[in-house]
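Visitor: Going by the numbering used here, the letters in the sequence shown line up with residues 588 to 786, in that order.
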Amino acid sequence: MKLTVLNAGKNKLKSTDEVRTLISLRALISNDNEFASICRLDHMKELNTLVLSRNPICKVGESLDKVKSMTKLSLSNCQLQTIYSLKSCTELKELRLAHNDIKTIPTELVHNLKFQLLDVGNNLITSCSESSDLKVVSSLVNLKNLNVQGNPIAEKDNLAKKIRKLVPSLQIFNTRPMDKSTRNEKGDRDEIVDKKQGP
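1. With DSSP run on the structure shown, which of helix, strand or coil describes Ala741?
2. Comparing C-alpha positions only, which one of Pro643, Gln668 and Phe760 sits nearest to Thr691?
3. So, helix, strand or coil for Leu615, using DSSP?
4. Here's the rule I'm using: 16 or more other beta-carbon atoms within 10 Å means buried, otherwise exposed. How should Ala685 be labelled?
5. Under a three-way DSSP split, which group does Val606 fall into?
6. Entirely within the segment 643-675 and at least 3 residues each: give me those beta strand (DSSP E) ranges in chain order.
7. Here's a check: name, in chain order, each residue in its chain whose Cβ is nearer than 6 Å to the Cβ of Glu681, leaving out the five neighbours to either side.
8. Note down the Cα distance separating Asn787 from Leu746, rounded to an integer number of angstroms.
9. Looking at Ile616: is its Cβ nearer than 7 Å to the Cβ of Asn598?
10. By the three-class DSSP mapping on this structure, what secondary structure does Ile750 have?
11. Taking the alpha helix (DSSP H) that Val724 falls in, what are its first and last residues?
12. Answer yes or no: do Ser663 and Asn635 have a C-beta to C-beta separation smaller than 7 Å?
13. On the three-state DSSP scale, how would you describe Thr694?
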């Protein structure tokens with residue numbers, strides 16, 4: 588019987604090398620360990636879910652270059668500064684990168700057209716130029732959920748308005764539902780439902 592799901596979270600593991608031989612894995616959950624990097628996972632042809640949150644990982648590098656089957660990736664609460672190398676993960680639908688040190692949304696992510704959820708909350712993203720971060724976001728035609736809360740960019744005036752125009756498919760922005768009943772004729776959202784957040 589092949590092992591397809593492995594939950595190795597909270598085990599003080601120091602290297603992902605220890606799971607390289609598990610080639611039939613479809614889901615690897617290894618949060619809250621001590622990984623400083625990710626080994627190449629090329630051999631895991633069926634891997635669709637990878638959770639490595641809360642590890643001291645500084646960069647992704649080329650570790651995921653040939654993992655074409657992955658649809659969900661979580662690297663929240665790590666020490667990432669760049670994510671440009673995720674461009675090869677073209678099947679990704681959910682990408683969670685909150686609480687890192689990321690300064691920009693790289694243009695390479697325009698290749699990730701299947702994104703439905705992108706969480707880059709609580710990073711260091713500052714740019715509000717339509718020629719950079721927002722232009723990348725506007726290319727993600729299937730994006731339904733975007734979170735940039737806790738970034739300097741989130742303090743910019745009219746950010747929500749710009750996002751509404753650039754990403755008409757968006758349903759949730761910064762954890763708040765967008766009001767479907769207030770679309771104008773072009774399909775833009777005219778307002779965001781300002782629901783009170785719980786404690």
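Cβ atoms here follow ideal geometry from the backbone N, Cα and C, with glycine treated the same way.
Guide: So, from the listed chains and residues:
1. helix
2. Gln668
3. strand
4. buried
5. helix
6. 659-661
7. Lys659 and Leu704
8. The shown model of the chain, from 588 to 786, leaves out residue 787, and the question about it has no answer.
9. no
10. Three-state DSSP puts Ile750 in a helix.
11. Asp720 to Ser725
12. no
13. Helix, per DSSP.
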